[in-house]
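Heads up: the structure comes next, in structure tokens.
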Amino acid sequence: MTDLERTAVVALRDAAKHFGPVKALNGVSLSVAPGECLGLVGHNGAGKSTLVNLVNGSFAPSSGEVTFPGGPEGVRSVFQELSLCPNLTVAENLSIAHSGLKGRGWRRPARAEILASLDTVFPDHDIDPDAEVDQLTIAERQMVEIAIGFAPRGGSAKLVILDEPTSSLDEGIARQLLSHVRAFCAAGGAVIFISHMLGEVFAVASRIVVLKDGKVVADRPAQDFSRQGLVDAMGHVAAEGTQSTITRIAHGEVVIRAEGLEARRGEVVGLSGLAGHGQAAALARLYLAQTSDWRAGRGARAVFVAGDRPRDGVLPLWSILRNISISVLGRDGKGGFVNTAAERSLAEEWKQRIGIRTNDLTNPILSLSGGNQQKVLFARALASDAEIIVMDDPMRGVDVGTKQDVYAIIRAEAAKGRTFLWYSTETEEVCQCDRVFVFRDSQISAELTGDQITEDRILEASFEMMEAS
Amino acid sequence: MLARYRILLPVISLAVLLCLTFWMQPRAMSYFGLNLLFNLAVPIALATIAQMIIIMVNDIDLSLGAFVSLVACVTATWLNDAPLIGVLVLMALILTYAAMGAVIHMLELPAIVVTLGMSFVWGGLALFLLPTPGGASPAWIRTLMTIKPPFIPMAVLAAIIIAALTHLLVIRSKLGTVLRGLGGNTRSIARAGWNVTALKATAYGLSGLFGVLAGMALVGLTTSADANIALRYTLLSIAGVILGGGEFTGGKVSPTGAVIGALTLTLAASFLSFLRLSPDWQIGAQGAILILVLTARLLFSRKGAAT
Numbered sequence: 001m002t003d004l005e006r007t008a009v010v011a012l013r014d015a016a017k018h019f020g021p022v023k024a025l026n027g028v029s030l031s032v033a034p035g036e037c038l039g040l041v042g043h044n045g046a047g048k049s050t051l052v053n054l055v056n057g058s059f060a061p062s063s064g065e066v067t068f069p070g071g072p073e074g075v076r077s078v079f080q081e082l083s084l085c086p087n088l089t090v091a092e093n094l095s096i097a098h099s100g101l102k103g104r105g106w107r108r109p110a111r112a113e114i115l116a117s118l119d120t121v122f123p124d125h126d127i128d129p130d131a132e133v134d135q136l137t138i139a140e141r142q143m144v145e146i147a148i149g150f151a152p153r154g155g156s157a158k159l160v161i162l163d164e165p166t167s168s169l170d171e172g173i174a175r176q177l178l179s180h181v182r183a184f185c186a187a188g189g190a191v192i193f194i195s196h197m198l199g200e201v202f203a204v205a206s207r208i209v210v211l212k213d214g215k216v217v218a219d220r221p222a223q224d225f226s227r228q229g230l231v232d233a234m235g236h237v238a239a240e241g242t243q244s245t246i247t248r249i250a251h252g253e254v255v256i257r258a259e260g261l262e263a264r265r266g267e268v269v270g271l272s273g274l275a276g277h278g279q280a281a282a283l284a285r286l287y288l289a290q291t292s293d294w295r296a297g298r299g300a301r302a303v304f305v306a307g308d309r310p311r312d313g314v315l316p317l318w319s320i321l322r323n324i325s326i327s328v329l330g331r332d333g334k335g336g337f338v339n340t341a342a343e344r345s346l347a348e349e350w351k352q353r354i355g356i357r358t359n360d361l362t363n364p365i366l367s368l369s370g371g372n373q374q375k376v377l378f379a380r381a382l383a384s385d386a387e388i389i390v391m392d393d394p395m396r397g398v399d400v401g402t403k404q405d406v407y408a409i410i411r412a413e414a415a416k417g418r419t420f421l422w423y424s425t426e427t428e429e430v431c432q433c434d435r436v437f438v439f440r441d442s443q444i445s446a447e448l449t450g451d452q453i454t455e456d457r458i459l460e461a462s463f464e465m466m467e468a469s
Numbered sequence: 001m002l003a004r005y006r007i008l009l010p011v012i013s014l015a016v017l018l019c020l021t022f023w024m025q026p027r028a029m030s031y032f033g034l035n036l037l038f039n040l041a042v043p044i045a046l047a048t049i050a051q052m053i054i055i056m057v058n059d060i061d062l063s064l065g066a067f068v069s070l071v072a073c074v075t076a077t078w079l080n081d082a083p084l085i086g087v088l089v090l091m092a093l094i095l096t097y098a099a100m101g102a103v104i105h106m107l108e109l110p111a112i113v114v115t116l117g118m119s120f121v122w123g124g125l126a127l128f129l130l131p132t133p134g135g136a137s138p139a140w141i142r143t144l145m146t147i148k149p150p151f152i153p154m155a156v157l158a159a160i161i162i163a164a165l166t167h168l169l170v171i172r173s174k175l176g177t178v179l180r181g182l183g184g185n186t187r188s189i190a191r192a193g194w195n196v197t198a199l200k201a202t203a204y205g206l207s208g209l210f211g212v213l214a215g216m217a218l219v220g221l222t223t224s225a226d227a228n229i230a231l232r233y234t235l236l237s238i239a240g241v242i243l244g245g246g247e248f249t250g251g252k253v254s255p256t257g258a259v260i261g262a263l264t265l266t267l268a269a270s271f272l273s274f275l276r277l278s279p280d281w282q283i284g285a286q287g288a289i290l291i292l293v294l295t296a297r298l299l300f301s302r303k304g305a306a307t
């Protein structure tokens, strides 16, 4: 054991994890020292989540070892998918993770502790510790989860693993989190920070580890990486910043006009603004209005790509194949029976076109990583004949390379005359659109087209009224 | 927001039904009348709580009616004749319930199938014990159930005590909170380091305890038992939980609501008799009341979601 490993919070030595023949993690040696913020990057399926699960003890390694020189207590995980109990209050959720709170009068300290933690991480948050979690917005839930991760809970947090912590947060809140992470590390805590937003990784990490196909391919101090160098190390050919090559074409007639927004044939329309300002609700109403007609019969006009995969995306018990073909069963069926040959060839075609990483489409959908599950949802929507495709923040937790692939597919499908309605919390994605509606307080505050779509203009439209009030 | 209003609808439905009953039959508006109206609600309320604890952890118990019948048979025979053996047998029944919860979780069996199977086991044992209706209630249970406290009838007082105690147990205590969390998000509870098998066993054990109490209370009222005495409790208890504002999944339950739901169901039966409705129609009419209340709740929650 080297000196570094002795002082480390956690040390992995040749740690590997196999799921049957799949080598999710293939011999990783890594240690995290107190005061260090380790940025962990890699594209979908590179093994990040498996690494996290080894460190937090959810899995035992298949070979190699994971050691905690100072003991395993104080290691906390904030998971990518939201993992609170939605039927309990914020304070009760903290108490679940805090075994010291029991006996009479455990509520008051629970309330005080979560409130203190929220105040530290997210100053001027507006969360009531007695609110039930399912009454909170998705961003607020993520804030609560992060606050529980950093709360003392009868000891103190030594290592906090943040897996895509900002995927549902808007930029202001995300910035608060990043500055808290820096302060936490300055005070001697350690953080493993996983994010697909490279800007954030550079903003917060002192060291960056790049994972690829279950192995560490680069492990250097953050300042030794350039943005481009990092993307190259992850091994995806697509580079960032391709938007200048987009040619904006003339669009056809208006195909939908509702909720104060309109979209033309072949247009990619973005819904932007800070998270939780009514975009998702507007999108859901608009979609349901398009598809909830009893007499419409087969072939709905619109399809939906979910961002909250477990809630309204994947059918968890079904295979990848069935998850893709569900949208076209009515169209491709013969006399009420499923046409299995057509189903299979369609799924194979989309597997190729969209690059779903699996060798067998009959595997269960949950065997795929999050980003690949999302690709399946895209394939499901695009395989249908619907002319309008509604997307509810579909790139949540999807890596840079996949995003570039999907952008290209969206462009190609739009050129064929399909219309996309795209809600996103990330400005970079919104900049891919032909027309953007910015929401503020559940109303459209600005409509931007063409060259007007810039980060500055969107931010300006998102914040205007807040400064005035 | 909604959680606080969850209790409102059960209260309103009970109040409306109570007003209608008093209007039909003003003599029911008395100490004696109320006791008569709600007497049989006490075992149903206990059974509803037992069912609620199972529903709270995202399962459902189809064996509850048969289990309560078996407990009633044990109470009317062993507990009366040889109290020590009776107590041991009842404790063994509770432990069996806990074991059933552990098995359901460990083997990932669907609770609906396991409990359906167990209902035949309970039913068979009950028939074995009491092939023909009979037995006698232990005197102390009889005394307890027919006690006449001042001002408030026994049945109403018992309902209030049951509601208060289970509220403390399920909503206020740490154990209850963790068990509700189990219904909300099992993975999150497991990740926080709890032993989910032990928790499930605890939930089922608690449910078994309330099932035993229900059977004992029932014998205290009827003074004798029969192998089929409480078969309808399975569906009554599920209806009571839902009527009381609980939901089938997600750990959203209300013990106070469940007790009120049980009272409402009992009252509905009396109300229909007051209407001089033929017993042939009563079950259907009870169902209609249930559908009415659930529709109201749906409209209510839709409105809540829209604002």
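Residue numbers (the numbering used here), protein chains in the order written: chain A, 1 to 469; chain B, 1 to 307.
Think of the CB as a built atom: it goes at the ideal place given N, C-alpha and C, for glycine as much as any other residue.
Next on the checklist: Measuring straight from C-alpha to C-alpha, what distance separates A:ALA408 and B:GLY205?
Outcome noted: Roughly 57 Å between the two C-alpha positions.
Item to check | When B:SER69, B:VAL89, B:LEU116 are compared against B:PRO133, the one with the closest alpha-carbon | outcome: Each of B:SER69, B:VAL89, B:LEU116 was checked against the Cα of B:PRO133, and the nearest Cα belongs to B:SER69.
Item to check | chain B residues whose Cβ lies nearer than 7 Å to that of A:LEU84 | outcome: Taking a Cβ-Cβ cut-off of 7 Å, the neighbours of A:LEU84 in chain B comprise ASN185, SER188, given in sequence order.
Checklist entry - What residues are listed by DSSP as bridge partners for A:GLY39? => result DSSP output for A:GLY39 lists A:PHE193, A:ILE208 as bridge partner(s).
Checklist entry - Would B:CYS19 be called buried (16 or more neighbouring beta carbons within 10 Å of its own) or exposed? => result Burial call: exposed.
Checklist entry - Smallest Cα separation from B:ALA139: which of B:MET216, B:LEU64, B:ALA111? => result Comparing Cα-Cα distances from B:ALA139 to each of B:MET216, B:LEU64, B:ALA111, the minimum goes to B:MET216.
Item to check | Backbone CA spacing between B:GLY193 and B:ARG187 [nearest angstrom] | outcome: Rounded to the nearest angstrom, the two C-alpha atoms are 10 Å apart.
Checklist entry - Are the C-beta atoms of A:LEU368 and some chain B residue less than 8 Å apart? => result No, its Cβ sits nowhere closer than 8 Å to a Cβ of chain B.
Item to check | Helix, strand or coil at B:ILE7 according to DSSP, with G and I counted as helix | outcome: Shown here, B:ILE7 sits in coil according to DSSP, grouped into three states, outside any helix or strand.
Checklist entry - Roughly how far, in whole angstroms, is the beta-carbon of A:ALA147 from the beta-carbon of A:VAL121, given that I think they are within contact range, below 8 Å? => result Going by Cβ atoms, the distance from A:ALA147 to A:VAL121 rounds to 5 Å, so yes, they are a contact pair.
Next on the checklist: Does the CB of B:GLY385 have a neighbour CB from chain A at under 8 Å?
Outcome noted: This structure does not reach residue 385 of chain B, given that chain B is present from 1 up to 307, and the question cannot be answered.
Item to check | Interface residues of the segment 190-204 of chain B facing chain A [CB-CB below 8 Å] | outcome: Cβ contacts with chain A come from ARG191, ALA192, GLY193, TRP194.
Item to check | Host alpha helix (DSSP H) of B:PRO26 (start-end) | outcome: In the DSSP annotation of this structure, B:PRO26 is not part of any alpha helix (DSSP H), being labelled neither H nor E.
Next on the checklist: Here's a check: name, in chain order, each residue in its chain whose Cβ is nearer than 8 Å to the Cβ of A:VAL376, leaving out the five neighbours to either side.
Outcome noted: Apart from the 5 residues on each side of it in sequence, A:VAL376 sits with its Cβ closer than 8 Å to the Cβ of VAL314, ILE320, ASN323, ILE324, ILE356, ILE365, LEU368 in its chain, given in chain order.
Checklist entry - Expressed to the nearest angstrom, what Euclidean distance is found between the alpha-carbon atoms of A:GLN432 and A:VAL268? => result When rounded, the distance between both Cα atoms is 8 Å.
Item to check | Under 7 Å (Cβ pairs) to chain A, residues found in the segment 166-185 of chain B | outcome: Cβ contacts with chain A: LYS174, THR177, VAL178, ARG180, GLY181, GLY183, GLY184, ASN185.
Next on the checklist: What does the Cβ neighbour count give for B:GLY101, buried or exposed, with the cut at 16 atoms within 10 Å?
Outcome noted: Classification for B:GLY101: buried.
Item to check | Alpha-carbon to alpha-carbon, A:SER156 and A:ARG108 | outcome: Here the alpha carbons of A:SER156 and A:ARG108 stand approximately 19 Å from one another.
Next on the checklist: According to DSSP, is A:HIS18 part of a helix, a strand, or is it coil?
Outcome noted: It is a strand residue.
Next on the checklist: Between A:LYS158 and A:GLY74, how many whole angstroms is the CB-CB distance? I'm expecting something under 8 Å.
Outcome noted: Indeed they touch by this definition, with Cβ atoms about 3 Å apart.
Checklist entry - If you check the beta carbons only, do B:ILE85 and B:SER254 fall under 8 Å apart? => result For the 8 Å CB-CB criterion, B:ILE85 and B:SER254 do not form a contact.
Item to check | Cβ neighbours of B:VAL170 in the same chain (closer than 6 Å, five flanking residues each side left out) | outcome: Closer than 6 Å at Cβ, skipping near neighbours: GLY176, PRO255.
Checklist entry - Under a CB-based cut-off of 8 Å, is B:LYS252 close to chain A? => result Any Cβ of chain A closer than 8 Å to the Cβ of B:LYS252 would place that residue at the interface, and such an atom is present.
Next on the checklist: So, with DSSP's three-state summary, where would you put A:PHE184?
Outcome noted: Looking at A:PHE184 - three-state DSSP - the assignment turns out to be helix.
Next on the checklist: In whole angstroms, give me the CA-to-CA distance for A:ALA218 and A:ALA284.
Outcome noted: A:ALA218 and A:ALA284 have their C-alpha atoms spaced approximately 42 Å apart.
Checklist entry - Which residue comes first and which comes last in the beta strand (DSSP E) that contains A:GLU447? => result Where A:GLU447 is concerned, the enclosing beta strand (DSSP E) stretches over 443-449.
Item to check | Within chain B, partners of A:ALA97 - CB distance below 9 Å | outcome: For a Cβ distance threshold of 9 Å, residue set SER188, ARG191, ALA192, GLY193 of chain B lies close to A:ALA97, ordered along the chain.
Next on the checklist: Please identify the residue among A:GLY401, A:GLN374, A:ALA60 whose C-alpha is closest to the C-alpha of A:ARG309.
Outcome noted: The option with the nearest alpha carbon to A:ARG309 is A:GLN374.
Next on the checklist: The alpha helix (DSSP H) that contains A:VAL231, what's its start and end?
Outcome noted: 227-234 is the span of the alpha helix (DSSP H), which, as asked, contains A:VAL231.
Checklist entry - Cα-Cα, which of A:TYR423, A:SER424, A:GLY35 is closest to A:VAL204? => result Nearest of A:TYR423, A:SER424, A:GLY35 to A:VAL204, Cα basis: A:GLY35.
Item to check | contact_flag[the segment 423-430 of chain A, the segment 385-403 of chain A] where n(CB pairs < 8 Å) is 3 or more | outcome: For the pair of segments examined, the segment 423-430 of chain A was found to touch the segment 385-403 of chain A: the number of CB pairs separated by less than 8 Å reaches three.
Checklist entry - Is the CB of A:VAL66 under 8 Å away from at least one CB in chain B? => result No Cβ of chain B is located within less than 8 Å of the beta carbon of A:VAL66.
Checklist entry - Within 10 angstroms of its Cβ, does A:PRO61 collect 16 or more other Cβ (buried), or is it exposed? => result A:PRO61 counts as buried, since at least 16 other C-beta atoms from the protein chains shown sit within 10 angstroms of its C-beta.
Checklist entry - What distance in whole Å lies between the Cβ atoms of A:SER345 and A:ALA381, which are believed to be in contact at a cut-off of 8 Å? => result Approximately 18 Å separates the beta-carbon atoms of A:ALA381 and A:SER345; this is outside 8 Å, ruling out the contact.
Item to check | Contact check, A:CYS85 vs B:ASN195, beta carbons under 8 Å | outcome: Not a contact, by the Cβ cut-off of 8 Å.
Next on the checklist: Am I right that A:LEU101 and A:ALA112 are in contact with their C-beta atoms under 8 Å? What's the rounded C-beta distance?
Outcome noted: With a contact defined as Cβ atoms closer than 8 Å, A:LEU101 and A:ALA112 miss out at about 11 Å.
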